[in-house]
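Number of protein chains: 2
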Amino acid sequence: MTTKLTQLKQDFTEGLSQISRFWGFPKGMGSIFAVLYLSPTPLSLDEVVQATGLTKGAISTEVRTLARMGLVHRSSKLADRKDYYEAEDDFYKSIRSILKERQNSEFDSAIRSVRETLEKLEAGTVTGNAAELDFIYKRVRALQEFFNAIDGLTKAVIKLESLGMTNVTKILSVLK
Amino acid sequence: MTTKLTQLKQDFTEGLSQISRFWGFPKGMGSIFAVLYLSPTPLSLDEVVQATGLTKGAISTEVRTLARMGLVHRSSKLADRKDYYEAEDDFYKSIRSILKERQNSEFDSAIRSVRETLEKLEAGTVTGNAAELDFIYKRVRALQEFFNAIDGLTKAVIKLESLGMTNVTKILSVLK
DNA sequence: TACTACGTTTAGTAATTACTAAACATTCTA
DNA sequence: TAGAATGTTTAGTAATTACTAAACGTAGTA
Numbered sequence: 033m034t035t036k037l038t039q040l041k042q043d044f045t046e047g048l049s050q051i052s053r054f055w056g057f058p059k060g061m062g063s064i065f066a067v068l069y070l071s072p073t074p075l076s077l078d079e080v081v082q083a084t085g086l087t088k089g090a091i092s093t094e095v096r097t098l099a100r101m102g103l104v105h106r107s108s109k110l111a112d113r114k115d116y117y118e119a120e121d122d123f124y125k126s127i128r129s130i131l132k133e134r135q136n137s138e139f140d141s142a143i144r145s146v147r148e149t150l151e152k153l154e155a156g157t158v159t160g161n162a163a164e165l166d167f168i169y170k171r172v173r174a175l176q177e178f179f180n181a182i183d184g185l186t187k188a189v190i191k192l193e194s195l196g197m198t199n200v201t202k203i204l205s206v207l208k
Numbered sequence: 033m034t035t036k037l038t039q040l041k042q043d044f045t046e047g048l049s050q051i052s053r054f055w056g057f058p059k060g061m062g063s064i065f066a067v068l069y070l071s072p073t074p075l076s077l078d079e080v081v082q083a084t085g086l087t088k089g090a091i092s093t094e095v096r097t098l099a100r101m102g103l104v105h106r107s108s109k110l111a112d113r114k115d116y117y118e119a120e121d122d123f124y125k126s127i128r129s130i131l132k133e134r135q136n137s138e139f140d141s142a143i144r145s146v147r148e149t150l151e152k153l154e155a156g157t158v159t160g161n162a163a164e165l166d167f168i169y170k171r172v173r174a175l176q177e178f179f180n181a182i183d184g185l186t187k188a189v190i191k192l193e194s195l196g197m198t199n200v201t202k203i204l205s206v207l208k
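Protein chains in written order, with the working numbering: chain E, 33 to 208; chain V, 33 to 208.
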């Protein structure tokens, strides 16, 4: 039983859409990436419209966030006003730019709020039952330390020349 | 300038809510966890209702998913029909059970769909332009390899006796 | 057995998010 | 300069998700 190439592409795209949703991104983002990833040549906005069934508007905005994450690249041909988009195919590179992106995001500000909580506790300016205060202080500090560890890890990954199989293998070997 | 303990708790809870949303979970989940995490003693459902402002129903369901992820534990006192909930305070442990949880989830099925794509391509049962087929095969295979690497990593982490600062430090040292 | 104290489920609502359609801005071309 | 070809923004809609309120189930207690 044979499969048509177009069908295969569609299934693949469907799969990436689900993965995208799983990670909390719009499923349209997944399908845009899939289409670009399977294309041997960069595609214009209208070609992506055609291939995904989404509208120009949607693609315009989602391609921008994909580009911010380093998952697609925008290029242009001389003497052609169209923009062209192509997928990054080095996922390890993408991971690094996604992490970099996230550093400046809301996540960091939320984490900062935990640190502020901790600082208030350390400054001794919080009024309330002493035993409870002590308990809460320990817990908040533990959380803070955990965040610091995560933060250290992501920063280390960002700084790498390249993540990639070699490094993954190294990590695996230490974990054994 | 001093802060009331209740205010501090509220701010902390607010912070965790944002973090929860950032990771694609309901913000209510974050606040439930925060309340439990700051409590020296396990809390009953009604106490959580009181502390979070959510309804019994919401808490009932969200506490269940928190428990599945190993972030909270349910316990009961003898001769007391109430359930009591308390937060896991070993986050490394939680990471491991979250990863374990995710293994059987939709994510895996989506990844499986990529593998299926690859298998069809390898079986040579796909009809279409040969050059394009070859290109697509290479790309899909690369993605598959990437997923395998990730999968290997998560499995390794799951298998660990315990993740924790020691291991994080080890990883960091390899990445330098 | 009826009543109470709980947790769960369910059906509906509110809030959020993803997307569309169309107006708009910009740049090139005639 | 007018017109066409492009990408972006915006205002509204559809779809999804988080939550509420209240009915329900169950088990313990009088």
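Each residue gets a CB set at the ideal place from its N, CA and C atoms; glycine is no exception.
Under a Cβ-count criterion, where at least 16 other Cβ atoms within 10 Å of its own Cβ denotes burial, should residue 149/V be classed as buried or exposed?
Position 117 of the second sequence holds residue 149/V. Residue 149/V should be labelled buried.
With a threshold of 7 Å between beta-carbons, can residue 151/V be considered close to chain E, or not?
As a position in the second sequence, residue 151/V is number 119, starting the count at 1. So, not an interface residue.
Name the two residues that bound the continuous alpha helix (DSSP H) containing residue 193/V.
As a first step, residue 193/V must be located in the second sequence, where it is residue number 161. Looking at the DSSP string, residue 193/V is not in any alpha helix (DSSP H), and its letter there is neither H nor E.
Would you identify the three-state DSSP class for residue 75/V, choosing helix, strand or coil?
For the purposes of this step, residue 75/V is identified with residue 43 of the second sequence, where counting begins at 1. In the structure shown, residue 75/V sits in a strand (DSSP, three-state: E or B).
Let me make sure I understand the geometry here. Which of 135/V, 140/V, 132/V has the alpha-carbon closest to that of residue 51/E?
As a first step, residue 51/E must be located in the first sequence, where it is residue number 19. Of the listed residues, the one whose Cα sits closest to residue 51/E is 140/V.
Does the region 57-77 of chain V touch the region 103-122 of chain V, meaning 3 or more C-beta pairs lie closer than 8 Å?
yes
Using a Cβ-Cβ cut-off of less than 7 Å, give me the residues of the region 52-67 of chain V that come near chain E, in sequence order.
54, 56
Considering only residues of the same chain and omitting the five flanking positions on each side of residue 62/V, which have a CB-CB separation below 8 Å?
Walking along the second sequence from the start, residue 62/V turns up at place 30. 45, 48, 49, 50, 51, 52, 53, listed in sequence order.
Beta-bridge pairing of residue 80/V - partner residues as DSSP gives them
As a working mapping, residue 80/V is identified with position 48 in the second sequence. Answer by DSSP bridge pairing: none, since residue 80/V is not bridged.
Can you check whether the C-beta of residue 44/E is within less than 7 Å of a C-beta belonging to chain V?
Reading the first sequence from its first residue, position 12 is the one you call residue 44/E. Yes, because at least one Cβ of chain V sits closer than 7 Å to the Cβ of residue 44/E.
For residue 71/V, count neighbouring C-beta atoms within 10 Å of its own C-beta (all shown protein chains included) and say buried if the count is 16 or more, exposed if not.
The residue you call residue 71/V lines up with position 39 of the second sequence. Residue 71/V should be labelled buried.
Use the C-beta contact count for residue 106/E: other C-beta atoms within 10 angstroms, 16 or more gives buried, fewer gives exposed.
In the first sequence, counting from the first residue as 1, residue 106/E sits at position 74. Residue 106/E comes out exposed.
Kindly list, in the order they appear in chain E, the residues whose Cβ is closer than 9 Å to that of residue 146/V.
As a working note, residue 146/V is residue 114 in the second sequence. Chain E residues near residue 146/V: 44, 47, 48, 51.
Measure the C-alpha to C-alpha separation of residue 91/E and residue 37/V and round it to an integer number of angstroms.
Position 59 of the first sequence, counted from the first residue, corresponds to residue 91/E. Position 5 of the second sequence, counted from the first residue, corresponds to residue 37/V. Spanning the two alpha carbons is a distance of roughly 47 Å.
For residue 137/V, the first and last residue of its enclosing alpha helix (DSSP H):
Against the second sequence, residue 137/V aligns to sequence position 105. Per DSSP, residue 137/V belongs to no alpha helix (DSSP H) and is neither H nor E.
Rounded to whole angstroms, what is the Cα-Cα separation between residue 227/E and residue 65/E?
This structure cannot speak to residue 227/E, because chain E is shown only from 33 to 208.
Closest to residue 34/E by CA distance: which of 193/V, 110/V, 190/V, 156/V is it?
Residue numbering aside, residue 34/E sits at position 2 when the first sequence is read from its first letter. Nearest of 193/V, 110/V, 190/V, 156/V to residue 34/E, Cα basis: 156/V.
Cα-Cα separation, residue 197/E to residue 128/E
Here residue 197/E corresponds to residue number 165 of the first sequence, with the count starting at 1. Here residue 128/E corresponds to residue number 96 of the first sequence, with the count starting at 1. Taking the straight line joining both Cα atoms gives about 14 Å.
Considering Cα atoms alone, identify which of 178/E, 67/E, 186/E is closest to residue 124/V.
Residue numbering aside, residue 124/V sits at position 92 when the second sequence is read from its first letter. The option with the nearest alpha carbon to residue 124/V is 178/E.
With distances taken from CA atoms, which of 130/V, 193/V, 83/V is nearest residue 103/V?
Within the second sequence, numbered from 1, the residue matching residue 103/V stands at position 71. Among 130/V, 193/V, 83/V, the Cα nearest to that of residue 103/V is on 130/V.
For residue 217/E and chain V, any beta-carbon pair shorter than 7 Å?
As shown, chain E starts at 33 and ends at 208. That puts residue 217/E outside it, with no answer to give.
Measuring alpha carbon to alpha carbon, tell me which of 39/E, 100/E, 174/E, 193/E ends up nearest residue 147/E.
As a working note, residue 147/E is residue 115 in the first sequence. Minimum Cα distance to residue 147/E is reached at 174/E.
Does DSSP put residue 119/E in a helix, a strand or coil?
In the first sequence, counting from the first residue as 1, residue 119/E sits at position 87. The answer is strand: DSSP assigns residue 119/E an E or B state.
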